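Note that the protein sequences, when read in sequence, are chains A and B.
Residue numbering for the first sequence follows the working numbering, beginning at -6 and increasing consecutively.
Residue numbering for the second sequence follows the working numbering, beginning at -6 and increasing consecutively.
A virtual CB, placed ideally from N, CA and C, is assigned to each residue, including glycine.
Note that the coordinates shown come from a computational prediction; the quantities given were computed from them, not determined experimentally.
Below: the structure, in structure tokens.
There are 2 protein chains.
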Amino acid sequence: MNHIDLLARLAVENQNRIVLLVLDGVGDIRCADQPATALDRAEIPNLDALARASALGRIVPVSTGITPGSGPGHLSLFGYDPTDPEADIGRGVLEALGLGLKIGPDDLAARGNFATVDADGNLIDRRAGRIPTSECERLVEAIQADLSSFDGAEVEVVAGEEHRFVLILRGVGSSAEVDDTDPQKTGVPPLAPHPRTADAEPTATLLADIIARMNAMIADEPKANTVLLRGVSQPPHLPQFSDLYHLRAGAFAGYPLYRGVAGACGMEVVPCGKYFHEIVPTVRENWERFDFFFLHVKQTDKAGEDGNLKAKIEVLEQVDAVLPELLALEPSVLAITGDHSTPAPLASHSWHPVPLLVHSPVCFRDDCQEFTEAAATQGHLGTFPARELMGLLLANAGRLAKFGA
Amino acid sequence: MNHIDLLARLAVENQNRIVLLVLDGVGDIRCADQPATALDRAEIPNLDALARASALGRIVPVSTGITPGSGPGHLSLFGYDPTDPEADIGRGVLEALGLGLKIGPDDLAARGNFATVDADGNLIDRRAGRIPTSECERLVEAIQADLSSFDGAEVEVVAGEEHRFVLILRGVGSSAEVDDTDPQKTGVPPLAPHPRTADAEPTATLLADIIARMNAMIADEPKANTVLLRGVSQPPHLPQFSDLYHLRAGAFAGYPLYRGVAGACGMEVVPCGKYFHEIVPTVRENWERFDFFFLHVKQTDKAGEDGNLKAKIEVLEQVDAVLPELLALEPSVLAITGDHSTPAPLASHSWHPVPLLVHSPVCFRDDCQEFTEAAATQGHLGTFPARELMGLLLANAGRLAKFGA
């Protein structure tokens, strides 16, 4: 039996609360150019003290050597196998979920860009000069007023930041297997929405008509005079947190993608700020509403992606300073880890195992004296696939029945 | 998705070279009679210095407690699941590939022995007194002159060492599911080639006729007056290294079996000597031709099989002395491990996890101070299935794309 099926079979309810704090990309490497990691160097007395009263270990995000994107990295943390085609969440759906929009089984979503074409219809700017968000909102409002339905489909257009928007078509039913219209380069016209399967032909036709209608409406705009669509997709069929784990789960993440993944797993996306010192108070306000709290800190990953070890150290120290506020809520189980490593020397996501800390009254206090990659290598939890982490958290919360008599 | 399918999907090409140095059977055990292993006792300053600048860990050859033969041990290292029936490489094919012979999908191969029967047709020596290789070559030459084709099949007979030869039948098409004719004991006649399935009946008939023809030709020889066949087999359908991993792979192994496995995986078998000090110069001469170099050192296993700890220590020290020549080639990734352990106290292959060293600019320099079984147990790479090693090597070489957005 798969691990997740076993958990679904054994999960029970109780009053114990679980907090999963994801420091995105927290893992790092020691190498010739960087003899110590951000965790090695940061002054994080609260994390280190917690480590001494916790069990440490490491998780492997997908499998040995595989570097995950943010979507697969989080799906693993939440217990799913991200290599399962059923778990493939399209970018359009992710974006829509991240904006807090509901997507039903017959709906489809796409990411949109406003862009600029010249008099010959060739793209000269795929982001319309990054028009201000207010400008985007004005255009979307006009389009939405004109386009609330089209050919039997309910149309919803929602503004994002700068040139970005999300297009949702409700009650379409036909397949979303349609190629992007963004050619990913300038000097050529936007592509037609090409169906990849015969099932998707009605969808492609509908999208082409909607694009033509939008383009006609904005043809006289100085910059945002055309639209590009990407990531046309339908919601994945992921078993939901409440059914799987009997958890009322809340997601506290400041960025759309992470909200999107959490939403697809059945978590309630709670609006909150982007920084840990903003997130923790929102968690406190919602403490009675949930059993499971997913907290996402993006800035560790951002610093790693920028190759900026100093910034990564600073983020860790900021998190450490706020940690006592989170501990004051007295979660039954607190896990701190990342969805993958983002080593500063690589300036990108990587495959390296990610340090994990699990604190609970029954976690096994091992000999690890600090929260670092090297300490975690020696920890009681060992090194295991990230998608088994939920089992460990439920177990520590007393939320799994015994298997067999 | 299986790990190997994931690798095939994500593998990309670049200029980085990977060297996999297999010290056959290198792993050993500490026990009452042997308180320190060969790696513990050997003076290997170069390996130990490399360990300090590398990540260590351990691989499990097949799965917990399973002792692999050399074929399965190497298939795992190369990323395949040796328990998959598709990965079952017959001994005849292994022997033929090891001699550098090509085996097509409609061909079959068998290992042959010249043997001695008495006047009643009963075996008195299954190896014909280990006749000299020159004698074997003389007999094979005569047989080949007579038997270039038989009943529509192209026949190829190739001399091996002493009493051994390989028989290849080309364009047979029918199944190779035919039992050995070697009864594995003396005092009885050779067995008839018995078909295990109805599909294999034509093959069995053909082989019986060929055996009769060969036996008639050598009936008057003083020692080599009959032939025995074993391991009748067809080539496996293994995905090839170039397709799977986008690697131009070269095998540098002094012994036929290892060449055979490497050839079955799509590596080019490069003729080379049997000792590490002979292998490394051949690698250097071919450095521009490949992206992946499989180097095989047999003598560690041989010493273990002989229960000779002293000899195993000496082989390790010889390898250590030549290691700087390999490092001077500056491979992007260098991995050193074994296909299994061959503990001297057991004088045989074993199931114990095998120490692994991975050196690259981004490998994570852990706290291990030497290359030993005990140090590797504490290493950053943890303990993982050998068949995931290729993922780690490709990742360290920057040859895997990110999985998902």
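Coarse secondary structure for residue i, derived from DSSP in three states
i: A/P228; result: coil
i: B/P38; result: helix
i: A/F107; result: strand
i: B/G85; result: helix
i: B/R45; result: helix
i: A/L386; result: helix
i: B/L374; result: coil
i: A/E147; result: strand
i: A/P348; result: strand
i: A/T126; result: helix
i: B/A398; result: coil
i: A/G91; result: helix
i: A/G331; result: coil
i: B/F234; result: helix
i: A/L160; result: strand
i: A/A169; result: coil
i: A/G62; result: coil
C-alpha distance - residue i paired with residue j, whole-angstrom precision
i: B/N389; j: B/C356; result: 7 angstroms
i: A/A246; j: A/Q27; result: 30 angstroms
i: A/V254; j: B/K267; result: 54 angstroms
i: A/T76; j: B/F286; result: 30 angstroms
i: A/C361; j: A/P317; result: 20 angstroms
i: A/E271; j: A/L16; result: 15 angstroms
i: B/S63; j: A/K303; result: 49 angstroms
i: A/L237; j: B/D284; result: 45 angstroms
i: B/Q292; j: B/V308; result: 7 angstroms
i: A/N115; j: A/L199; result: 23 angstroms
i: A/I161; j: A/T196; result: 12 angstroms
i: B/A80; j: B/R131; result: 35 angstroms
i: A/I88; j: A/G297; result: For the sequence presented, residue 88 of chain A should be read as Glu rather than Ile. Each residue's alpha carbon lies about 23 angstroms from the other.
i: B/T93; j: B/V262; result: A quick correction: the sequence has Gly, not Thr, at residue 93 of chain B. If you take the alpha carbons of B/G93 and B/V262, they lie about 7 angstroms apart.
i: B/P61; j: A/L184; result: 55 angstroms
i: A/D175; j: A/H(-4); result: 40 angstroms
i: B/L322; j: B/F269; result: 15 angstroms
Residue i at chain B interface by Cβ criterion, 8 angstroms
i: A/H67; result: no
i: A/G105; result: no
i: A/P346; result: yes
i: A/S56; result: yes
i: A/L339; result: yes
i: A/Q177; result: no
i: A/A185; result: no
i: A/R131; result: no
i: A/T335; result: no
i: A/G18; result: no
i: A/A367; result: yes
i: A/I22; result: yes
Residue-level contact to chain A via CB, residue i, 8 angstroms cutoff
i: B/K395; result: yes
i: B/Q233; result: no
i: B/L387; result: yes
i: B/G375; result: yes
i: B/N331; result: One point to set straight first is that residue 331 of chain B is Gly, not Asn, in the sequence displayed. So, not an interface residue.
i: B/V355; result: yes
i: B/E194; result: no
i: B/D359; result: yes
i: B/L(-1); result: yes
Cβ-Cβ distance between residue i and residue j below 8 angstroms
i: B/R358; j: A/R23; result: yes
i: A/G20; j: A/S341; result: no
i: A/V53; j: A/P346; result: yes
i: A/V399; j: A/L101; result: Limits of chain A in this structure are -6 at one end and 398 at the other, which puts residue 399 of chain A out of reach.
i: B/V5; j: B/R392; result: yes
i: B/G224; j: B/R120; result: no
i: A/H373; j: A/A48; result: yes
i: A/I211; j: A/R34; result: no
i: B/G259; j: B/F234; result: yes
i: B/C129; j: B/E155; result: yes
i: A/R104; j: A/V159; result: yes
i: A/D313; j: A/G18; result: no
(Q) Restricting to runs no shorter than 3 residues, where is the beta strand (DSSP E) found entirely within the segment 243 to 295 of chain B? (A) Here the runs fully enclosed are 285 to 290.
Q: Within the segment 186 to 223 of chain A, note down every full alpha helix (DSSP H) run reaching 4 residues or more, in order along the chain.
A: With a minimum length of 4 residues, the continuous alpha helix (DSSP H) runs that stay inside the segment 186 to 223 of chain A are 194 to 211.
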